[in-house]
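To start, the structure under review is shown below, and the notes come after it.
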Amino acid sequence: MLRQQHPYTPAPCPDRPSATQPPKIRLHDARHSVASQMIDGGQSALTTAAWLGHDPAMTLRVYGHAFDDSLAAAGADLFAPPVPSGD
């Protein structure tokens, strides 16, 4: 929204929150946070999708960033040197 006034007029901008106002948190933001925490806490994509009412493919597409750590750990396990047996 453009303001039609002199550029040097010290007027507050109505569409910009002040530093003292708490950020607006939408229900969608809270839902996204909970879903990300579920995945990060070890819940499967299938369980999280069922809780959200999503198709698992959609859950993976939207919340896939939460699986990055487990993907890196799986790769490290796959390419780790073999552990010698105690025989």
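Residue numbering for the sequence shown follows my numbering, beginning at 767 and increasing consecutively.
Ideal placement from N, C-alpha and C gives every residue a C-beta, glycine not left out.
* Mapping DSSP to helix, strand and coil, what is SER851? -> coil
* Asked: How big is the Cα-Cα spacing for THR814 and ILE791?
  -> 21 Å
* To do: Kindly confirm or deny that the stretch 789-807 and the stretch 815-835 touch, where touching means at least three C-beta pairs closer than 8 Å.
  => yes
* Compare the Cα-Cα distances from ARG827 to each of THR786, PHE845, ASP795 and LEU812 and report the closest residue. => LEU812
* Host alpha helix (DSSP H) of ALA846 (start-end) -> That residue, ALA846, is in no alpha helix (DSSP H); it is neither H nor E in DSSP.
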